[in-house]
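Trainee: Note that full-length UniProt numbering has the sequence shown beginning at 1, numbered continuously upward.
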Amino acid sequence: PEDDPVVRQKLVLTGVSQFSHGKFRYSPSIYNKFQRNAGRTERKMIRRLVQNKRMKPRVVPGAMLVSKIYICMCVAVVTGDMEEQTFAMEPYDQTAVVGSEVTLPCRVENRQGVIQWTKNEFGLGTSRTLEGFERYTMEGSDLENDFSLKIKPVLLTDDGLYQCQVSPSEAAAGIRSRSAKLTVLVPPEKPEIVQGGRLITTAGKQIQLECVSRGGKPAATITWLDSYGNTMRGHYTTEAMLNEKRENARSFLALKPGRHHHNRTLTCQVENPALRVPLNAYITLEVKYPPDIILEIQAKRIQEHDTVRLYCNAVANPSNLQYKWYKNGELIGGDQRTDLIIPNVSRDMNGVAISCEVQNSVGSSRATHVLSIHYSPKFVEPPRDRSADRYEDTTLTCLADGNPKPDIIWTFENSPTILETKPTLKIRNMGPEKAGTYHCLARVMDFPEIKADVVLYMKGPPKIKTELVQFGVEGETVHVQCIALSVPVPDKVVWYHNNEVIDLESGRYKILEENTKDGIKNTLIMHNSVEEDFGAYNCSVHNSYGFDVQDIILKRQTNLPFLTVIATALGGLFLVLVVVMAIFICRRNRNKDDSVNMDPVKESNLQVQMDQLSNNYDIKANVKNGSLSNQNEDSEVGSDLNVQLPPYGHLPRYSSEYPDPHFLPKQNNNGYIPYVDYNRDYNPPSLGASRTSIYGTGIDPRYSANYGNPFLRTCQVPLPPPSTVYGVLPRSNMSELNSAVTSPVSSHYINRTGSELPLATHV
1 PEDDPVVRQK LVLTGVSQFS HGKFRYSPSI YNKFQRNAGR TERKMIRRLV QNKRMKPRVV
61 PGAMLVSKIY ICMCVAVVTG DMEEQTFAME PYDQTAVVGS EVTLPCRVEN RQGVIQWTKN
121 EFGLGTSRTL EGFERYTMEG SDLENDFSLK IKPVLLTDDG LYQCQVSPSE AAAGIRSRSA
181 KLTVLVPPEK PEIVQGGRLI TTAGKQIQLE CVSRGGKPAA TITWLDSYGN TMRGHYTTEA
241 MLNEKRENAR SFLALKPGRH HHNRTLTCQV ENPALRVPLN AYITLEVKYP PDIILEIQAK
301 RIQEHDTVRL YCNAVANPSN LQYKWYKNGE LIGGDQRTDL IIPNVSRDMN GVAISCEVQN
361 SVGSSRATHV LSIHYSPKFV EPPRDRSADR YEDTTLTCLA DGNPKPDIIW TFENSPTILE
421 TKPTLKIRNM GPEKAGTYHC LARVMDFPEI KADVVLYMKG PPKIKTELVQ FGVEGETVHV
481 QCIALSVPVP DKVVWYHNNE VIDLESGRYK ILEENTKDGI KNTLIMHNSV EEDFGAYNCS
541 VHNSYGFDVQ DIILKRQTNL PFLTVIATAL GGLFLVLVVV MAIFICRRNR NKDDSVNMDP
601 VKESNLQVQM DQLSNNYDIK ANVKNGSLSN QNEDSEVGSD LNVQLPPYGH LPRYSSEYPD
661 PHFLPKQNNN GYIPYVDYNR DYNPPSLGAS RTSIYGTGID PRYSANYGNP FLRTCQVPLP
721 PPSTVYGVLP RSNMSELNSA VTSPVSSHYI NRTGSELPLA THV
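1) What does the alpha-carbon distance come out to for the pair Val469 and Tyr509?
2) Can you tell me whether DSSP reads His261 as helix, strand or coil?
3) Identify, in the order they occur along the chain, each residue of the same chain with its Cβ nearer than 6 Å to the Cβ of Glu392, setting aside the five sequence neighbours on each side.
4) Smallest Cα separation from Leu425: which of Ala442, Leu396, Ala400 and Pro416?
5) Quick check: the Cα distance between Tyr311 and Asp446, rounded to an integer number of angstroms?
6) Is Leu156 near Val194, with beta carbons less than 8 Å apart?
7) Look up Met430 in the DSSP assignment and say whether it is helix, strand or coil.
8) Kindly list the residues whose CB is nearer than 7 Å to the CB of Leu275, restricted to its own chain and excluding five residues on each side of it in sequence; keep chain order.
9) Report the rounded CA-to-CA distance for Glu239 versus Lys288, giving the unit in angstroms.
10) On the CB-based measure, 16 or more other CB atoms within 10 Å of its CB, does Gln298 come out buried or exposed?
11) Let me check understanding here. Comparing Cα to Cα, which of Pro91, Val362 and Tyr228 lies closest to Lys205?
12) Answer with buried or exposed for Val102, where buried requires no fewer than 16 other C-beta atoms within 10 angstroms of its C-beta.
13) By the 10 Å Cβ neighbour count, where 16 or more other Cβ atoms means buried, how is Leu130 classified, buried or exposed?
14) If you draw a straight line from the C-alpha of Pro218 to the C-alpha of Glu144, how long is it?
15) Sorted by chain position, which residues of the same chain lie with C-beta nearer than 6 Å to Ile502's C-beta, five sequence neighbours on each side aside?
16) Could you pull out every residue in the same chain whose Cβ sits closer than 7 Å to the Cβ of residue 765, ignoring the five residues on either side in sequence?
17) If you follow the beta strand (DSSP E) that His439 is in, where does it begin and where does it stop?
18) At which residues does the beta strand (DSSP E) containing Leu524 begin and terminate?
19) How many Å lie between Thr523 and Phe547 at the Cα?
20) Within 8 Å, do at least three Cβ pairs link the segment 269-285 to the segment 210-227?
21) What is the rounded straight-line gap between the Cα of Ser148 and the Cα of His235?
22) Could you tell me whether the segment 533-546 touches the segment 449-464, where touching means 3 or more Cβ pairs closer than 8 Å?
23) Measure from the alpha carbon of His305 to the alpha carbon of each residue in Asn230, Val530 and Ser376, then state which is nearest.
24) Identify, in the order they occur along the chain, each residue of the same chain with its Cβ nearer than 6 Å to the Cβ of Ser387, setting aside the five sequence neighbours on each side.
25) Let me make sure I understand the geometry here. Which of Gly436, Ile583 and Glu449 has the alpha-carbon closest to that of Lys517?
26) In the DSSP output, what is Asn145 paired with across the bridge?
27) What's the call for His261, buried or exposed, on a 16-neighbour Cβ count within 10 Å?
28) What did DSSP end up calling Thr129 once you bin it into helix, strand or coil?
29) Going by C-alpha distance, which of Leu266, Ile175, Ala88 and Ser167 is nearest Gln208?
30) Within a Cβ cutoff of 7 Å, which residues of the same chain sit near His527, ignoring the five residues on either side of it in sequence?
31) Given a cut-off of 8 Å, decide if Cys164 and Trp224 are closer than it, judged by their beta-carbon atoms.
32) Name the DSSP beta bridge partners of Val315, please?
33) Which class does Thr183 belong to by DSSP, given the choice of helix, strand or coil?
34) By the DSSP assignment, the beta strand (DSSP E) with Asp339 in it spans what residues?
35) With DSSP run on the structure shown, which of helix, strand or coil describes Asp548?
36) Just verifying my parser: in three-state terms, what is the DSSP assignment at Gly215?
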């Protein structure tokens, strides 16, 4: 039938390509092809199929049905009653490890022939025990048509292609299974590091480690691991073993070890499909390396005048170390230790590089620390004043040094407004309002700020600012000054005297010129001045912007040094007197308390002495003969004078008879004695004209220094005279006593008659 794909395929292969109503059309070309290709076997097989009418219709594989006769036979075969052998299960590719077991499946349906396994197209036999191959057996049973091949144990020689074949029978053709590949895996030997388990090397020197894994199938894979388990890349190669399917594997690791590799272990790890766990080989590196230095400083923040201490911590192999310290590359002398002490650091050491060098047998290493000294701000150079033309742009500069870098603030005059925060201040469009003093303020945290002033001048004609009247001493050297504000500096100064230009070349005059910040000071000097040198002078100052003229009057004066000496002497004398008075007052104050606590005897003696001293100051004037009496006795001359005492009762004479006064607390007046208002002093009563006075001639005892003065014991300084001073008059003039003035003002005078009397003053 043309719808049978098997028949259709075979016929197409033999050249039959035309079909008609289910029958093959005869073609001469088909016949000729049959004669050439059909063989004896095919003809015999066709005849058997035709004779066996019990077979089911089936196309025999491999039959070359090309002739007219055989085509008809083919139709008969297809329509006959025939059945062929087939595989219910075929072997497939497998992998096995040496020493394990493996089974290659083979199950046949409608088996009519004999089962045989082939290895690499070599027959192993038809019996289930497979004589001659002790490790090979065909498992299963004929009832189940199971003829699986079991290999136990698997050896490397078992690696190959296997096929299950069924021989043909009279009614069925023989069949073959697909070829199954058995791959035998062989685990490699334990890896080996050629350099051994420990390697001594030097840091920085290139080394190469080699790891070998032998006899693996397939070749083992090799991986290098560091001590932390990280993969290291190596160079991998393989080579086949002679007359074997196994291979050797090698891996080369190139390494330049450092300090961090010292006492570290590297791992060569081998993996293979035949291995359940990797195989490892180890090597430990002993690395000799030069010192590795960490330079530390004790203080986090260093200020000027602090003491700095640096530590040089070094790790090396071997550990016999030598230390050296350097300052800006220059060796520091002294003991070489692991630390360095720098006392009293200054700002000059800011930015200085301090290095520590450590050496061992391998080499030397050096670590450097740059000092950062914190110090107060300081101007690099004093800011300079500037001058500019009107409408011109100019720049003011203020450079300050400090650590940290100073913050700069610019202000103008008394204004708090900040103009700039950079070292340079740009002034644009110069004008009079911008001329003046600019303040530059430099600040560093934790230090006092510093300030500098920069004066900006606007260029213009000079302006004379000098004393209009000046003085000199005749006969001595005289100076006449002309001070001018001038920016730029004047290029000419001309002096006139009495409207005539002074001839400076005459040798009579000399000019001393001194430049100031804002102009010039020109001094005209005249030695051994004479009268003609005094008078009117004129100073004329010129610059490129104009000029200014000023009249100056030079006046004659006395010798100032003599007056100065006298004034100085008087001032010194006055100062000495003030000091002496102060010392005296202080001593009186100190002795006052001691006098209050005296015993009665000493107090009585002291009172007597004070009374005598007081009476000695009672001046008694004898108007008649001009004599004075200062005795304590009553004067006989005045016996006829009748003076009545007022009825005051007992009048105490001595200070001890007075009750202790009650004083207000003393004021702390720093030695100042307040003014005493003596207007409150009482006025004495009028004296009568009685001649029967018990006092005779003499001064009324009420006006003695000891009388009626409650402040006697606490007086700091002598008191001024009392309200009235009385003199002693002669008898002939006693009549005038009644007309004596009793008022305090008029009583300050003593009438004079006859001879001139000396003036009496009460102390």
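Quick reminder that beta carbons are idealized off the backbone N, C-alpha and C, glycines included.
Mentor: From the atom records:
1) 19 Å
2) helix
3) Met430
4) Leu396
5) 27 Å
6) no
7) coil
8) Pro187
9) 36 Å
10) exposed
11) Val362
12) buried
13) buried
14) 38 Å
15) Trp495 and Tyr509
16) Missing from the structure shown is residue 765; the chain here goes from 1 to 763 and no further.
17) Gly436 to Arg443
18) Gly519 to Met526
19) 18 Å
20) yes
21) 45 Å
22) yes
23) Ser376
24) Tyr457, Lys459 and Val487
25) Gly436
26) Answer is none; Asn145 lacks a bridge partner.
27) buried
28) coil
29) Leu266
30) Thr477
31) no
32) Asp292
33) strand
34) Asp339 to Ile342
35) strand
36) strand
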